[in-house]
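Asks: In short: position in the sequence shown from 1, add 38, done, that's the working numbering. Each residue gets a CB set at the ideal place from its N, CA and C atoms; glycine is no exception. Since we're looking at a predicted model, the values are computed, not measured.
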Amino acid sequence: MSLLSTSLKRPISVLVLVAGIVTFSVMSALRIPIDIFPRLNSPVIYVIEPYGGMSPAQMEGFFATRMQDQFLYIGGVRDISSRNVQGLTIVKLAFYEGTDMAQAAAEVAIQVNRAMKFFPPGALPPQVVRYDASSVPIGDLVFSSKTRSLKEIHELAVTRIRPLFSTVPGLTAPPPIGTNSRTIVINLDPGRIRSMNISPDEVVRALAANNAMTPSGNIRVDNTTYITTLNSLEDQVSDFGRIPVITEGHRTIFLSDVATVQDGSDVTSGYALVNGSRSSYIPVVKTADASTWDVVTRLKAKLPEMRSLLPDDIEVNYEFDQSVFVINAVESLLFEGGLGAILTGLMVLLFLGDWRSSVIVIITIPISIIAAVLGLSLAGQTINIMTLSGLALAIGVLVDQATVTIENIHQHLEMGKPKKEAVFEACKEVALPLLLILLCILAVFAPSFIMTGVPRAMFLPLSLSIGFAMTVSYFLAQSLVPVLANWLMKAHSHKPHRPDAQPSRFDRVRAGFVAQTDRLLNRNKLIIGLYGIGILVLAGAGFALIGKDMLPVINTGQMVIRMKTPDGTRLERTEERVGELLTLVDEVSGGNLAVSSAYVGVVPTNYATSNLYVSTSGTNDAVIKVGLTKGFRTNMQDLKERIREAVREQMPDLTLSFEPADLTEKLMSGGASTPIEVQVAGRDMKQIAGYAHRLVDSLAEVPYLRDVRILQPLNFPVINIKLDRQRLAMMGLNIQQAARSITASTSSSRYTEKNQWLDQQAAYTYQVQVQIPEYDMQNLSQLREIPLVAGQSRPVLGDVATFSVDTLPGEYDRTGPRRYVTVSANVHHRDLGTATQAVNQTLSKLGETPKGLVTEVKGMSSLLTETLDSLQLGLGIAVLVIFLLLAANYQSFRLSFVVLSTVPAVLVGAIGLLLLTGSTLNLQSYMGIIMSTGISVANAILIVTNAERLRWVYRDLRKAAIDSVGLRLRPVLMTSFAMIAGMVPMALGTGEAGEQVAPLGRAVIGGLVASTLAALYIVPQVYVWLQRRATYEDPSLLPAPVTTPVADTDYDPQPVLPESYEKHSL
39 MSLLSTSLKR
49 PISVLVLVAG
59 IVTFSVMSAL
69 RIPIDIFPRL
79 NSPVIYVIEP
89 YGGMSPAQME
99 GFFATRMQDQ
109 FLYIGGVRDI
119 SSRNVQGLTI
129 VKLAFYEGTD
139 MAQAAAEVAI
149 QVNRAMKFFP
159 PGALPPQVVR
169 YDASSVPIGD
179 LVFSSKTRSL
189 KEIHELAVTR
199 IRPLFSTVPG
209 LTAPPPIGTN
219 SRTIVINLDP
229 GRIRSMNISP
239 DEVVRALAAN
249 NAMTPSGNIR
259 VDNTTYITTL
269 NSLEDQVSDF
279 GRIPVITEGH
289 RTIFLSDVAT
299 VQDGSDVTSG
309 YALVNGSRSS
319 YIPVVKTADA
329 STWDVVTRLK
339 AKLPEMRSLL
349 PDDIEVNYEF
359 DQSVFVINAV
369 ESLLFEGGLG
379 AILTGLMVLL
389 FLGDWRSSVI
399 VIITIPISII
409 AAVLGLSLAG
419 QTINIMTLSG
429 LALAIGVLVD
439 QATVTIENIH
449 QHLEMGKPKK
459 EAVFEACKEV
469 ALPLLLILLC
479 ILAVFAPSFI
489 MTGVPRAMFL
499 PLSLSIGFAM
509 TVSYFLAQSL
519 VPVLANWLMK
529 AHSHKPHRPD
539 AQPSRFDRVR
549 AGFVAQTDRL
559 LNRNKLIIGL
569 YGIGILVLAG
579 AGFALIGKDM
589 LPVINTGQMV
599 IRMKTPDGTR
609 LERTEERVGE
619 LLTLVDEVSG
629 GNLAVSSAYV
639 GVVPTNYATS
649 NLYVSTSGTN
659 DAVIKVGLTK
669 GFRTNMQDLK
679 ERIREAVREQ
689 MPDLTLSFEP
699 ADLTEKLMSG
709 GASTPIEVQV
719 AGRDMKQIAG
729 YAHRLVDSLA
739 EVPYLRDVRI
749 LQPLNFPVIN
759 IKLDRQRLAM
769 MGLNIQQAAR
779 SITASTSSSR
789 YTEKNQWLDQ
799 QAAYTYQVQV
809 QIPEYDMQNL
819 SQLREIPLVA
829 GQSRPVLGDV
839 ATFSVDTLPG
849 EYDRTGPRRY
859 VTVSANVHHR
869 DLGTATQAVN
879 QTLSKLGETP
889 KGLVTEVKGM
899 SSLLTETLDS
909 LQLGLGIAVL
919 VIFLLLAANY
929 QSFRLSFVVL
939 STVPAVLVGA
949 IGLLLLTGST
959 LNLQSYMGII
969 MSTGISVANA
979 ILIVTNAERL
989 RWVYRDLRKA
999 AIDSVGLRLR
1009 PVLMTSFAMI
1019 AGMVPMALGT
1029 GEAGEQVAPL
1039 GRAVIGGLVA
1049 STLAALYIVP
1059 QVYVWLQRRA
1069 TYEDPSLLPA
1079 PVTTPVADTD
1089 YDPQPVLPES
1099 YEKHSL
């Protein structure tokens, strides 16, 4: 028994089933995660190794290459690259999609352990971090106080607040950013150690000998077991001053004689600034599978508890909240979808003129949508821009299922049939065409399952949302709609035809279409030829003129500025310049700078994982996040250009670049700092740098490229200290002794001698390190006077070493066996596709790449090419699948070509409207084109299926084509106009996510307008031309059935049902 028959036989069961679906769907909708984008499956593992004081070249040689060699044993690795700056190595392993990341992480850890055998002494075990493009900061938890020091704020954030992060599901717990960790600092006095003939290394060894970490044991006395404690560690910070350094006869020199002991922090390498003042903050980073909205909601609920754990004079605020954009985007799309549904209902009412029919159609929309949410939840998806866009798109398609059914019921009622018979016959008649339409539209989205990377991550959720909604809609069209039609619709009173009766307005429109079709069939070949030539010309011109982007450019009121002072600029000076730049930004924006957050300098090596969120390469580097006032409306591209001009005029020594600011840009950039990145790789750094500078000069001439620069600092100032090994040997010294003294003087003893102090009250241990204060080591003379031998005024460093000032690269980046530098650029008021084309042309103009060098366009440019290629392939596969599906249904390849004749019109209409509205061809608009393709096929199926049925009835091809247009005019127009009305709010792009999804709505509207015209005017022409030689023979290859008499029998296979039951059947 069919679904239709069962539903009409048991109508109450249908209502119960629908109520159950709605109930479970609502429960699922309340629990499904909410986010801005679907989860982007970009499996990456970072291995981070700090070693304070080591040069970039040493970090590359001692750590990066060793680990890269070991990682070659790991399966599934797509690419290995490393970034090496002073004191830090970050190795990035990118894996192929589908790799078991738990297994990969375990293998990476094993190979890291093997590589550690080759690390220098004192190296810490590297940190292995699984990372995903979706794991991006969604805000900052900012700590500030007017009375407490940064060290105190930082310490409280580490010990009291950070542990609470683990209690928030979906939240990771990176360390606070803003200052160095608490450290017991032994600040040597250079004058005193020289006058007392003590070397820094001697102080380090004395500290290690007198502050030793040793375990205690037990002693058993009589019947009691005692724990033996030992004061091998100093109890109080002040006690360190009593540690003896050397003893000469009866005279002992204590640590307090040559140094001051301070409960402070490690050597300052960077500062966090919030609204221009030094502060500390914790990046709020969600896990890849967590909901942005849920994580932020739970974190905000924890804020009162966090504040209760801190002194009253410390404030905690959540800044740069990205969840605001998420929820605003969701609310905006929900509003646009709801408004679209209302407009769709009004369009149905306008065509049918029957409010009962409109109610039936409208009822099916929310049921299908909410049931689709249940399907998305079961499929592990989230509510995001893509799934909501799919549901908004589905509204128009959902109307198609119910509208065609209701319209056909009206036609049968107008024939004078009884209501039950009219409903049953009408629904049965359209069941197969509607199923074919459903399968064709689903086929349009089938390629999303074979896509990879970002296209799959973005397209699959949209496809699933439409697929679930349409499947439920078809079920309702064959179950709930006929039930409600029997209960709500009225039977038509059959009036005899009167020759003098005035036709309705729609009948006159239909008659006009029929007459036009009749006339056009007289010029059948001419019209088809003009259509083909016009499509080719317009499509070719459209594709050549339209710009190409990953996603539409949006104004979020936020921006991230990368500011660089000349290489080697001191941290304090860079901090001053950040303040000056923020003042300038406030002036240029008209006083609309609401909040700012910046990091100046490099992240401390003891918090190395923070480099995943704040990436800088030296003390001259700063990253600044700027938030504008909420009511301030401006074009961010123009504002950035005004800032660039102001900086060029007032701060010409600065290098400026704008980086991804909002979640959308961050997710799509894949870690790239700018849309355009060109990698120049090779073995010789001089050759690489020379070619990169030529490329920068050439790209700077492209009028719409901005911030063209080399990312890596290539001329960082260095002081080369060359020790004379022979002179050292003559003085009874060696390289290691001299190096330890130099390290303690220019950095600290943190990595040369591990020493710790236990704060018993806090139950935390802290590093104890020896160093010469930065302000006491500010010129070459002081460097030359570093003592090397205890008890002797000579030799000092200047006696055994020569000094020279030079420049070297401040960062070495590596991919595979080659080093590389990156040339980056932003795009101003031009699409990424055009900019990428200009970059490729520039590379060609530079001539053949010098031998030994390799250039590759990276960043969003490569992602754009990959995405558009994938979408084009997907569209082609979708058309092929539809063609095969149609051929299987019609048992005719010719009829499949007839149906697909509307597809070229979709491309022309969609691209045309995108060009008229200034939109680009991007991920959103491509999805709109694909969706329009499915709708155009649906309209063509209605006409072709009806025409073929009439051809067999009339035995007249021309009359069948003409009448099919008349009979299916209303459902075609209703479907198209209803979908167009539903897409208008989205196409206007007025909400928070409006600019993001507007191209999708515009592509659908343009494609539908053109394809509807093609369905009504071109499909009949193509049908008559291709079917002109069609026969009336059954395509079946089975022999004709032989009729045999049936034996009489009294057996009735149908059970006799009680009359009380039968009366409830519809």
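Run through the segment 476–556 for me and flag every whole alpha helix (DSSP H) of 4 or more residues, listed as ranges in chain order.
Replies: Counting only runs of 4+ residues, the alpha helix (DSSP H) found wholly inside the segment 476–556 occupies 491–515 and 518–526, in chain order.
Asks: DSSP puts residue 9 in a beta bridge; with which residues?
Replies: Lying before the first or after the last residue shown, residue 9 is absent from the chain, which here runs from 39 to 1104.
Asks: My output table needs one value for residue 54: the three-state DSSP class, helix, strand or coil.
Replies: Of the three classes helix, strand and coil, the one that applies to residue 54 here is helix, per DSSP.
Asks: Which whole runs of the alpha helix (DSSP H) in the segment 744–774 are 4 residues long or more, in chain order?
Replies: 763–768
Asks: Which two residues bound the contiguous alpha helix (DSSP H) that contains residue 812?
Replies: Run containing residue 812: none; DSSP gives neither H nor E here.
Asks: Which value, in whole angstroms, describes the spacing of the CA atoms of residue 989 and residue 463?
Replies: Each residue's Cα considered, the two are about 20 angstroms apart.
Asks: For residue 251, tell me which candidate among 273, 262 and 259 has the shortest Cα-Cα distance.
Replies: 273
Asks: For the beta strand (DSSP E) holding residue 850, just list the boundary residues, first then last.
Replies: 849–853
Asks: Taking its Cβ as the centre, do 16 or more other Cβ atoms sit within 10 Å of residue 676, making it buried, or is it exposed?
Replies: It counts as exposed.
Asks: Would you decide whether residue 257 is buried or exposed? Buried here means 16 or more other CB atoms lie within 10 Å of its CB.
Replies: exposed
Asks: Under a three-way DSSP split, which group does residue 1091 fall into?
Replies: In this predicted model, residue 1091 has a pLDDT of only 41, less than 50, meaning its place in the structure is not dependable; the value taken from the coordinates is given anyway. Coil, per DSSP.
Asks: For residue 479, collect the residues of the same chain with a Cβ closer than 7 angstroms to its Cβ; drop the 5 residues on either side in sequence, then sort them by chain order.
Replies: Excluding residues up to 5 positions away in sequence, 435, 508, 972 and 976 lie with their Cβ nearer than 7 angstroms to the Cβ of residue 479 in the same chain.
Asks: Leaving out five residues before and five after residue 164 in sequence, what residues of the same chain have Cβ atoms less than 7 angstroms from its Cβ?
Replies: Result list for residue 164: 85, 86, 87 and 150, in chain order.
Asks: Which same chain residues, not among the five before or five after residue 820, have their C-beta less than 8 angstroms away from its C-beta?
Replies: Answer for residue 820: 228 and 814, listed in chain order.
Asks: Our contact map puts residue 183 next to residue 351 with C-beta atoms below 8 angstroms; I'd like the distance itself, whole angstroms only.
Replies: Right, their Cβ atoms sit about 5 angstroms apart.
Asks: With DSSP as the reference, please indicate the residues paired to residue 615 in a beta bridge.
Replies: According to DSSP, residue 615 bridges with nothing at all.
Asks: Any idea what DSSP makes of residue 597, helix, strand or coil?
Replies: strand
Asks: What are the start and end residues of the alpha helix (DSSP H) that includes residue 935?
Replies: Element bounds for residue 935: 931–938.
Asks: Can you check which of these residues, 61, 1067 and 1057, is closest to residue 565 by C-alpha distance?
Replies: 1057
Asks: For a minimum of 4 consecutive residues, which ranges assigned as the alpha helix (DSSP H) are wholly contained in the segment 65–124?
Replies: 94–97 and 103–109
Asks: Considering just the uninterrupted stretch of the alpha helix (DSSP H) at residue 220, what are its terminal residues?
Replies: Here residue 220 belongs to no alpha helix (DSSP H); instead the beta strand (DSSP E) covers 220–226.
Asks: Considering only C-alpha positions, which residue in the set 1065, 405 and 687 is nearest to residue 993?
Replies: 1065
Asks: If you follow the beta strand (DSSP E) that residue 893 is part of, which residue opens it and which one closes it?
Replies: 892–896
Asks: Touching or not, the segment 64–71 and the segment 113–123, by the rule of three or more beta carbon pairs under 8 angstroms?
Replies: no
Asks: Under a three-way DSSP split, which group does residue 673 fall into?
Replies: If DSSP states are grouped into helix, strand and coil, residue 673 belongs with coil.
Asks: Around the Cβ of residue 869, are there at least 16 other Cβ atoms within 10 angstroms (buried) or fewer (exposed)?
Replies: So residue 869 counts as buried.
Asks: Spell out a yes or no on whether the segment 829–845 and the segment 667–685 are touching, meaning 3 or more CB-CB pairs, one atom from each, closer than 8 angstroms.
Replies: no
Asks: How many angstroms separate the CA atom of residue 280 from the CA atom of residue 338?
Replies: 48 angstroms
Asks: Taking the alpha-carbon of residue 637 as reference, which of 615, 963 and 461 has the nearest alpha-carbon?
Replies: 615
Asks: Leaving out five residues before and five after residue 1088 in sequence, what residues of the same chain have Cβ atoms less than 8 angstroms from its Cβ?
Replies: Interpretation of residue 1088 is limited by its pLDDT of 42, a score under 50 that renders its predicted location unreliable; the figure taken from the coordinates is listed afterwards. Taken in chain order, the list of residues that qualify is empty.
Asks: Taking all protein chains shown into account, decide if residue 1100 is buried (16 or more other Cβ within 10 angstroms of its Cβ) or exposed.
Replies: Residue confidence for residue 1100 is low, a pLDDT of 38 falling below 50, so the modelled location carries little weight; the figure read from the coordinates is stated next. The residue is exposed, with fewer than 16 neighbouring Cβ atoms inside 10 Å.
Asks: Between residue 1045 and residue 970, is the Cβ-Cβ spacing less than 7 angstroms?
Replies: yes
Asks: Given a cut-off of 7 angstroms, decide if residue 506 and residue 410 are closer than it, judged by their beta-carbon atoms.
Replies: yes
Asks: Quick check: the segment 582–602 against the segment 640–651, are at least 3 beta-carbon pairs closer than 8 angstroms?
Replies: No, they do not touch.
Asks: May I have a chain-ordered list of the alpha helix (DSSP H) segments no shorter than 4 residues that lie completely inside the segment 264–307?
Replies: For the segment 264–307, the full-length alpha helix (DSSP H) segments reaching 4 residues or more read 293–296 along the chain.
Asks: Which value, in whole angstroms, describes the spacing of the CA atoms of residue 629 and residue 493?
Replies: 40 angstroms
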